[in-house]
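With the numbering used here applied, the sequence shown covers 227 to 511.
Let me begin by presenting the structure, written as C-alpha cells, before commenting on it.
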Amino acid sequence: MLFVESIQMNLSSYSSILARRMVQCEWNLKFSISPLLFSSKKSTISIAAFASSSELNGASISVAGAESSSSIPFFRDSPISGSMEQVMVEYVFGRKKATEVAHYVWKHIVQKGDAVVDATCGNGYDTLALLKLVADKTRRGRVYGMDVQKIALESTSSLLDQFASPDEKELVELFVMSHSQMEDIVPNDVAVRLVAFNLGYLPGGDKKIITRSETTVLALEAAKRILAPGGLISIVTYVGHPGGREEFEKIEEFASGLPVEAWNCCKLHTLNRPLAPMLLFLFKR
Ligand SMILES: C[S@@+](CC[C@H](N)C(=O)[O-])C[C@H]1O[C@@H](n2cnc3c(N)ncnc32)[C@H](O)[C@@H]1O
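Here's what the structure looks like:
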C-alpha cells in the first residue's frame, strides 16, 4: 500500500512531465540453486550440465541500473540501486525500461530473508535481481524459479554462476515446469512476498515457445493464493507477438476483477509506443 502511495505522489509531482511525454498510468483502484538438481516432478537435471553455457546472455532484459554487460560488477552487490523517484523520472524520459521500473518497485516490497517466486526465469535477470534482494547472512531467503524450457534455466543458472556467490545460489531452487503449477513447489508454510512474471518468449530463444493466456491466468490464480498479505504480483507483458494482446487483456480482466478491499492493482504503459511492454502490479493489502 505504501509503495503504491509513494508512486502516486511521484506521479502527481511529475504530472506535467507525464502529460508531455504521453505516459499513461492507470491506477485502477487497482534460484538453493540446489547445487545438484533442477527439480521437477517430470524432469530432474544436473546442474553440471549447465557449466558450458556461461556467457552472459545478451541484455535485452536488463537488471535495473545495469544497462549493459559493461555494468557487470554491479551484480556483485545489489543490481538495484538509486531511488524509485529517479527511476520513475527516467522512465518518463524514456531512459528506463518497464523491467527496470519493476525491479525498483520490488525493492520496496521484498526484504532480506523473504521467499519470492520467479514465474518465468528466462535468461535469469529477474531471478538474479530477486536473489540479491532476499539474500543475506541468515540464509533464510528463497527464490523459487521456474520455466518450461530447460535451456532457459541453463541460462539462468549460468548467470547466477557468474554474478551470485555460492552461498547466494543455495537460496535458489529452479524447476522445469509451468508456472500454473507453482503451488506444487512452494511449501505450504512459506509466505511468499512477491511473484514475478515476465511474459512472452525467451529473448534469443524459440519465439514459438511463449506464455499463453490460459496458463498465465491459472498461474495468476495460484500466485494469488500463495501470496502473503503485503505481497506483490508483478507482471511485465508484451503485446507485439501473436497471442500477446489477448494475454494482456486476460491479465487486465483478472486484475480488474480483484476486490478493492483486498487488492490494489495498477498499470503503467507508454502510450505512444503501442508495442511497449505493459507493467502491472497487483498488490495484496
Ligand atoms: C520474457 S522471458 C522471461 C525473461 C526472464 N524473466 C529474464 O529475466 O530473463 C519468458 C519466459 O517464459 C517462459 N515460459 C513460457 N511459458 C511458461 C509457463 N507456462 N511457465 C513458466 N515459464 C514459461 C519462456 O520459456 C521464457 O523463457
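Yeah, the Cβ is synthetic: ideal placement off N, Cα and C, and Gly gets one too.
Ranges of the beta strand (DSSP E) found wholly within the region 402-442, counting only runs of at least 3: 418-424, all fully within the region 402-442.
How would you write the range of the beta strand (DSSP E) that Arg368 sits in, first residue to last? Unbroken beta strand (DSSP E) run through Arg368: Arg368 to Asp373.
DSSP state of Gln250, grouped into three classes? Per-residue confidence for Gln250 stands at a pLDDT of 36, beneath the threshold of 50, marking its modelled position as unreliable; the derived number appears in the next sentence. Of the three classes helix, strand and coil, the one that applies to Gln250 here is strand, per DSSP.
Inter-residue spacing [alpha-carbon to alpha-carbon] between Gly371 and Ala345: Counting only the Cα atoms, Ala345 lies some 6 Å from Gly371.
Would the region 386-394 count as touching the region 423-442 if we require 3 or more Cβ pairs under 8 Å? No: fewer than three Cβ pairs fall under 8 Å.
Is Val336 helix, strand or coil by DSSP? Coil.
If you measure from the CB of His405, is any heavy atom of ligand 1 nearer than 7 Å? Yes - ligand 1 has a heavy atom lying nearer than 7 Å to the Cβ of His405.
Considering only residues of the same chain and omitting the five flanking positions on each side of Asp362, which have a CB-CB separation below 7 Å? So the qualifying residues of the chain are Lys338 and Gly339.
Option in Val369, Ala454 and Glu475 with minimal Cα separation from Leu354: It is Val369.
Please confirm if the region 438-447 is in contact with the region 400-418, defined as three or more CB-CB distances below 8 Å between the two stretches. Yes, they touch.
With a threshold of 8 Å, are at least 3 pairs of Cβ atoms found where one atom belongs to the region 457-473 and the other to the region 416-425? When C-beta atoms of the region 457-473 are compared with those of the region 416-425, three or more pairs fall below 8 Å, so the two segments count as touching.
Considering Val313, what are the terminal residues of the alpha helix (DSSP H) in which it resides? DSSP places Val313 inside the alpha helix (DSSP H), whose first and last residues are Met310 to Val318.
Between the Cα of Arg419 and those of Val336, Leu501, Ala481 and Ser482, spot the shortest distance and give me the residue it belongs to. Its Cα nearest to that of Arg419, the residue Val336 stands out among Val336, Leu501, Ala481 and Ser482.
Where does Lys323 fall in DSSP's three states? Correct three-state label for Lys323: coil.
Quick check: is any heavy atom of ligand 1 less than 7 Å from the C-beta of Gln388? No, the beta carbon of Gln388 sits no closer than 7 Å to any heavy atom of ligand 1.
Taking the DSSP output, what are the residues bridged to Leu505? According to DSSP, Leu505 bridges with Val462 and Leu494.
Cβ shell of Phe480 (< 7 Å), same chain only, five flanking positions each side left out: These residues qualify, in order along the chain: Val443 and Leu446.
Count the other CB atoms, across all protein chains shown, that sit within 10 Å of the CB of Asp352; report buried if there are 16 or more and exposed otherwise. The residue is buried, with at least 16 neighbouring Cβ atoms inside 10 Å.
Reduced DSSP secondary structure (H/G/I, E/B, other) of Ala345: In the three-state reduction of the DSSP assignment, Ala345 falls in the coil class.
According to DSSP, is Ala454 helix, strand or coil? Strand.
Any idea which residues DSSP pairs Leu400 with across the strands? The bridge partners DSSP lists for Leu400 are Gly371.
Ser439 vs Glu473 beta-carbon contact at 8 Å: Yes.
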